[in-house]
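Okay, structure first, notes after.
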Amino acid sequence: MNRKRVNEKLEYVINVSNLTVYYQKMCALSNVNLKVRDREFLGIIGPNGGGKSTLLKAILGLISPSSGKIEVYGKPPAKALGLMGYVPQFTKFHRDFPITVEETVLMGRLSGKTPLFHKYSKTDMDIAHSLMDKLEIYSLRKRQIGQLSGGQLQRTLIARALTVEPKILILDEPTASLDAESKSHIYSILEKLNRDMTIIMVTHDMNAISSHVHSLACLNKKLFYHGHSELSDDIIHQIYGCPIDLIAHGVPHRVLKEHGSNGGNSLV
Amino acid sequence: MFDSLLQYQFLQNAVISAILASIACGIIGSIIIEKRLVMMSGGIAHTAFGGIGLGYFLGIEPIIGALFITIFAAMGIATIKRKTTMNTDIPIGIFWAAGMSLGILFIALTPGYPPDMTTYLFGDILTVSRNNLYIITLLDAVVIFAVAALYHQLKAYLFDEEFSTVIGIKTTLIEYLLFILIALTVVVVIHVIGIILIMALLTAPPAIAKLFTNNLKKLMLTSSLLGIFFTLTGLWISYTLNIPSGAAIALFISLVYGMVSIIKVIMERKVKSQQLRTQDNDLIDKPLP
Ligand SMILES: Nc1ncnc2c1ncn2[C@@H]1O[C@H](COP(=O)(O)OP(=O)(O)OP(=O)(O)O)[C@@H](O)[C@H]1O
Ligand SMILES: [Mg+2]
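Protein chains in written order, with the numbering used here: chain H, -17 to 250; chain W, 21 to 309.
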């Protein structure tokens, strides 16, 4: 409860200021400023190579900024470890590693404070089992990780990120390999979780943005927009440099406002 | 051989050191094949030769010299792995050559008649002394203790470094520790099978064990047991046929590994043809239970 009061005082749980990231000589992010409120559901969109994954990794403390500052709960990311859960876009692990779905999901219960000769407790097990249940992978729990389909693996990784019981959940295109039904199922789970955690999600799925995400950030090396999840044609044009129909196509509650009816959104 | 075993101290030392080496190799071997560190471990192993030379040069127990140099090399290789994005095979290849050359250099600089280095290169399990046995036992205990104490953290690090870092596991620390454990294992194994043949005992048992299990703990256990079987059988072959123990063990391991691989290929073919025949029975797309 104490923590809650602290959060309210902080107001912003993530504060990225003047972030610039270079890979060797290539600039991936330039002068990005982004503040995320407690319990915000932030969607990040942008073209391929726009620096979305890079931004997430910088917030997670996995890559260090070339310049600028990142604060998570007022601390540098390296000090805020354990507060964030992460679903990566690409998995770097070897699919033939001797680990089952259940063991993978349980991994999220470990932390920097895990003692020597650790054994998972009953609570750990219960949390892992209920999450596997929720994500409909419980029946697969004894399978070796390499014997899963892409979508099943994706759901395993989401379950693993959730067993951390993080304050901030960071997902990098979590629904990329899921079928339509699984997608909407996962969005509804995320929406429920959002009541007590902040969620940042990179996605190319404009459906999700229109119906689940509160606020939107558009990234293409620079942060072009951060605000309400309704976009004007102008901004979209700037970000993607492509005809808006491509993006608006098939969106049920039209995300994109008609040109000129820009309701107070501003470029950041 | 069994009569002699009760009779001769050197045979008892040989059997005990073979068992200890197999346990360390089963545990660390499982880790290095899963983490794709075989080449790096080879690099660390070969720097041990420089340490042996240093030991002779300084007039201390050669295996202590090897211990220091391998730990030093392990830290160096771990740092290179962490700090650069370049292909680590290259610096490791150089470590490899430099380590061996240093050994030759130190031996050349050591006054007096040059010692016979084949013991260290190809192993001679029958020359394990009491003192060596104490050192081996201690190092083995450190390896077992460290892996048991940090099993879950280590497994998380081996499986997914990025995620482990995010949840707060001290992956840098674990990585350095792992490299030190590899160095200790190398030192444990030198007398049993020799620097050049170490990779056989490190990689073949877990590679075979992996056919039978999908559980890291069982993989370590099965590899250790297989290692014990290989080294003791090799020791027996070496004793009865009077050939060097390191070579006997390494050849026996390679033979079994080759046979298992062939059997595996045949089995897979059989399963495949069976599946083709029963395709109509929905064997391939069996629904989940
Ligand atoms: N490890 C790396 N080394 C060098 N360059 C990199 C690295 N990772 C990313 N980049 C470059 O940085 C830029 C941003 O990459 P990033 O992965 O953040 O894009 P993204 O927005 O996530 O794209 P996508 O939609 O394809 O996932 C790209 O131009 C990419 O080529
Ligand atoms: Mg990406």
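The C-beta atom is built at its ideal place from N, Cα and C for all residues, glycine as well.
Establish whether the CB of residue i and some CB of chain H are separated by less than 8 Å.
i        : result
W:Ile304 : Low confidence applies to W:Ile304: its pLDDT is 49, below 50, so where it sits in the model is not reliable, and the reading given next is rough at best. No - not a single Cβ of chain H is within 8 Å of the one on W:Ile304.
W:Leu201 : no
W:Thr191 : no
W:Glu195 : no
W:His172 : yes
W:Leu246 : no
W:Leu236 : yes
W:Phe92  : no
W:Glu17  : Coverage of chain W is limited to positions 21 through 309, which leaves residue 17 of chain W absent and any answer about it impossible.
W:Leu198 : no
W:Leu40  : no
W:Thr108 : no
W:Thr223 : no
W:Ala168 : yes
W:Phe179 : yes
W:Leu241 : no
W:Thr138 : no
W:Thr233 : yes
Could you tell me the boundaries of the alpha helix (DSSP H) in which residue i lies?
i        : result
W:Glu54  : 29 to 54
W:Val280 : 265 to 297
H:Asp108 : 104 to 116
W:Ile218 : 218 to 229
H:Leu201 : No alpha helix (DSSP H) contains H:Leu201, which is instead part of the beta strand (DSSP E) from 197 to 202.
W:Tyr140 : 138 to 142
H:Ser35  : 34 to 42
H:Asp178 : Counting along the chain, H:Asp178 falls outside any alpha helix (DSSP H), and DSSP gives it neither H nor E.
W:Val207 : 191 to 213
Using a Cβ-Cβ distance under 8 Å, would residue i count as near chain W?
i        : result
H:Lys51  : no
H:Ile81  : yes
H:Gly133 : no
H:Val146 : yes
H:His111 : no
H:Leu44  : yes
H:Ser48  : no
H:Ile226 : The pLDDT assigned to H:Ile226 is 38, lower than 50, so where the model puts this residue is not dependable; a value taken from the coordinates is nonetheless given after this. By this cut-off, H:Ile226 is not an interface position.
H:Thr138 : no
H:Ser103 : no
H:His231 : For H:His231, the pLDDT reaches just 39, beneath the cut-off of 50, and the residue's location in the model is therefore unreliable, leaving the point undetermined.
H:Gly56  : no
If we count the other Cβ atoms within 10 Å of its Cβ and call it buried at 16 or more, is residue i buried or exposed?
i        : result
W:Met219 : buried
H:Met89  : buried
H:Gln136 : buried
W:Leu25  : exposed
H:Ala162 : exposed
W:Gln27  : exposed
W:Ile110 : exposed
W:Arg102 : exposed
For ligand 1, any of its heavy atoms closer than 7 Å to the Cβ of residue i?
i        : result
H:Gly32  : yes
H:Thr36  : yes
H:Tyr5   : yes
H:Ala199 : no
H:Met8   : yes
H:Gly28  : yes
H:Gln136 : no
What first and last residue would you give for the beta strand (DSSP E) that runs through residue i?
i         : result
H:Met89   : From DSSP, H:Met89 is part of no beta strand (DSSP E); its letter is neither H nor E.
H:Phe23   : 23 to 27
H:Ser(-1) : -6 to 5
W:Val148  : Element bounds for W:Val148: n/a, residue is neither H nor E.
H:Ser121  : Neither: H:Ser121 is in no beta strand (DSSP E) and is coded neither H nor E.
W:Gly62   : Segment 58 to 78 is the alpha helix (DSSP H) holding W:Gly62; no beta strand (DSSP E) there.
H:Gly67   : 66 to 69
H:Leu151  : 150 to 154
Can you give the beta carbon distance from residue i to residue j, rounded, assuming they're within the 8 Å contact cut?
i        : j        : result
H:Ile127 : H:Thr157 : Their Cβ separation, rounded to whole angstroms, is 20 Å, which puts H:Ile127 and H:Thr157 out of contact at 8 Å.
H:Ala199 : H:His210 : Actually they are not in contact, since the Cβ atoms of H:Ala199 and H:His210 sit about 11 Å apart, beyond 8 Å.
W:Leu222 : W:Ser42  : So it is not a contact: roughly 11 Å between Cβ atoms.
W:Ala68  : W:Val162 : In fact, because the Cβ distance is near 17 Å, the residues do not count as touching under 8 Å.
H:Ser93  : W:Ile215 : Going by Cβ atoms, the distance from H:Ser93 to W:Ile215 rounds to 40 Å, so no, they are not a contact pair.
H:Leu160 : H:Ile168 : 7 Å
H:Val14  : H:Val54  : Contact flag wrong, Cβ pair sits at about 15 Å.
W:Ser265 : W:Ser258 : 4 Å
Along chain A, in chain order, which residues have C-beta atoms closer than 9 Å to that of residue i?
i       : result
H:Tyr68 : The structure shown contains no chain A; its protein chains are H and W.
With a threshold of 7 Å (Cβ to nearest heavy atom), would residue i be considered close to ligand 2?
i        : result
H:Asp154 : yes
H:Val184 : yes
W:Gln32  : no
H:Gln71  : yes
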